[in-house]
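Everything below concerns the one structure shown next.
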Amino acid sequence: MDSSDSCQLSRCYKYTCEYVGTNYAMKSGVNFYLQVKSKCLPVLQRFNFEWPAALDCSRLPTPGGDGLCMEYPNITSPTSSIPPPREKPQQGGSHMMPTPPPRASQETKCPHRQTWVATKEGGVCTPKCGQDVLFRHADKHFAEVWLLVWAALCFLSTLFTVLTFWLEPSRFRYPERTIICLSLCYLLYCLAYLARLIVPAEVLSCETTPNGVSHLTVEGLHSSGCIITFILQYYFGMASGIWWVVLTFTWFLSAGKKWSSEALQAYASYFHAAAWGLPAICTILILTLKQVDGDELVGLCYVGNVNKWAHMGFVIAPLASLLVLGTFFIILGFIALFRIRKAIKTEADGTQVNTDSSSPRSSTTYHMASNINKLEKLMVRIGVFSVLYTVPAVCVIACNVYEYLNRQRWAIMASVAALECSAGVHRIKPQQYPSSFRSSASE
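Going by full-length UniProt numbering, the sequence shown opens with residue 1, and the numbers climb by one from there.
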């Protein structure tokens, strides 16, 4: 920041004067503090920080005649100290192009354990690979083991489901067939986390600058490992959400509207087009906008690790919309099933009244009771399956919202902590559990 030099020098003015044991008033010192406050206060207010009480100008001593504690520096404004950019004439024209600032001057602005990376919007400070900036090494190890265990369990269960379908595909008809597509999405989704068993995080989420510094990927289009892990997570993660909506929609049509499997099968091409096409469009759009970044905690690439608006637009909003839409169809389906159950019970009770109590139950009454029992079992199975999907989905969205609200604050705290010798990641200590649980709940 332009006010960083003035802020550091103002601290020297304040505390050095106290150490030498003088109480001399400084007119130039008061003016200096006012100059520092005019530069630094707007920057602090951008991050919801107030001006430190210890540097309150009203508490400074009044001007005296015993001289200054320190020599007042000749500080000029940043705009006047920086020479205007040199311009070069373009060949074949009279337009002038400004010369970009040297890379070394940009790198010096980054905190410890971070490096400057040029982006389409100028540049950003990103963590170096192997360094603990936001998370400790123990946090990363815990997240790696936690995610590998859940990824292995998810992979085995979904593989069993897919193999069962391949052995006897005619057994699965709509709406049950959508569960196979849902399982296939999670099967491929888990491969991104299982890749960490054989490929280190430096290969999957890091890049190297021209001067040889390895850093977390920013706008990752150059690393094939980064792109592959991003596609496995994002594309199949979003496809699974759409297949969940298709499952609830077809179940509502089957249970509530009495659609047959053949009628649902006629619309299968539309279901596949929506479930596979919409995530593909979003994935291509993210790659085109260069919004793929490395994640320090899990060692994989995803969208929204740097740009919070990309996180909201491509992750949180779609996941929340799909969850709300699927839950809506579930509620409609249950309402329809309860109405059917009530109608069957009413008809069964009327049949029972017309039948002599001393005679055995008629076949019609027995058949109605059997239908009610089957309907109740179906409602229980659908209810359990809905809970098993909805609860983790809500947790995933909650964890994403938590990161959306706090990631920028974590980055600011990491930059501030890097200025102090004794500070570091232990001073920041963001919770790694929401990030780890978000990934594991997605599996």
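Think of the CB as a built atom: it goes at the ideal place given N, C-alpha and C, for glycine as much as any other residue.
Fill in: Straight-line Cα distance separating L153 from I397
22 Å
Fill in: Beta-carbon contacts of H95 that lie in its chain and below 6 Å, excluding the five residues immediately before and after
Caution is warranted here: a pLDDT of 39 is assigned to H95, below 50, making its placement in the model unreliable, and the coordinate value is therefore given only provisionally. Excluding positions up to five away in sequence, the list is empty.
Worksheet item: Which two residues bound the contiguous alpha helix (DSSP H) that contains L156?
Response: H137 to L167
Practice prompt. Along the alpha helix (DSSP H) that carries Y235, what are the first and last residues, could you check?
Written response: S224 to A255
Worksheet item: Do you know offhand how far V324's Cα is from A336's?
Response: 19 Å
Worksheet item: So who's on the other strand from C40, going by DSSP bridges?
Response: Answer is none; C40 lacks a bridge partner.
Worksheet entry | Whole-angstrom distance between A310 and G304, CA atom to CA atom | 5 Å
Discussion item. Taking the beta carbon of residue 482 as the centre, do at least 16 other beta carbons fall within 10 Å, making it buried, or is it exposed?
Written reply: The question about residue 482 has no answer, for the chain in this structure spans 1 to 443.
Discussion item. Using 8 Å as the threshold, is the C-beta distance between I286 and F328 below it?
Written reply: no
Worksheet item: Does the separation of the CB atoms of L204 and C301 fall below 8 Å?
Response: yes
Practice prompt. Could you check the C-alpha separation between V387 and W251 for me, to the nearest Å?
Written response: 15 Å
Worksheet entry | Where Y270 falls, given that 16 or more other Cβ within 10 Å makes a residue buried | exposed
Practice prompt. Please report how far the alpha carbon of K290 lies from the alpha carbon of G299, in whole angstroms.
Written response: 18 Å
Discussion item. Spatial neighbours of I316 within its chain, please: C-beta separation below 7 Å, excluding the five flanking residues on both sides.
Written reply: I397, N400, V401 and Y404
Worksheet item: So which of V133, G122, T390 and E121 has the shortest CA-CA distance to H112?
Response: V133
Fill in: Contact belief for W129 with L197 at Cβ below 8 Å, rounded distance in angstroms
Note that residue 129 is Cys in the sequence shown here, rather than Trp. At roughly 19 Å, the Cβ-Cβ gap does not stay under 8 Å, so C129 and L197 are not in contact.
Discussion item. Within the continuous beta strand (DSSP E) that includes Q114, where are the two ends?
Written reply: Q114 to V117
Worksheet item: From which residue to which residue does the alpha helix (DSSP H) around C185 run?
Response: R177 to L194
Fill in: Assigned exposure category for L221 - 16 Cβ within 10 Å defines buried
exposed
Worksheet item: Looking only at DSSP bridge pairs, what is E202 linked to?
Response: Answer by DSSP bridge pairing: none, since E202 is not bridged.
Worksheet item: Are A151 and L194 touching if we call contact CB-CB under 8 Å?
Response: yes
Worksheet item: Should the segment 220–236 be called in touch with the segment 157–172, which here means at least 3 C-beta pairs below 8 Å?
Response: no
Fill in: Where S240 falls, given that 16 or more other Cβ within 10 Å makes a residue buried
buried
Worksheet item: Can you tell me where the beta strand (DSSP E) with G277 in it begins and where it stops?
Response: Element bounds for G277: not the beta strand (DSSP E) but the alpha helix (DSSP H), A268 to L289.
Fill in: Close Cβ partners of Y235 (< 6 Å) along its chain, the five nearest in sequence each way excluded
P279 and T283
Discussion item. Once the 5 residues before and after W276 are set aside, which same chain residues still bring their CB inside 8 Å of it?
Written reply: A239
Discussion item. So, for L182: in the same chain, excluding its five sequence neighbours on each side, which residues have a beta-carbon less than 7 Å away from its beta-carbon?
Written reply: S240, W243, W244 and L247
Practice prompt. Closer than 6 Å by C-beta to Q131: which residues in its own chain qualify, once you throw out the five before and the five after it? Chain order, please.
Written response: R113
Discussion item. Looking at F165: is its Cβ nearer than 8 Å to the Cβ of I180?
Written reply: yes
Worksheet item: R341: which of N307, I330, L322 and K377 sits nearest, CA to CA?
Response: K377
Discussion item. So for C110, helix, strand or coil by DSSP?
Written reply: coil
Worksheet item: DSSP beta-bridge partners for T126?
Response: T115
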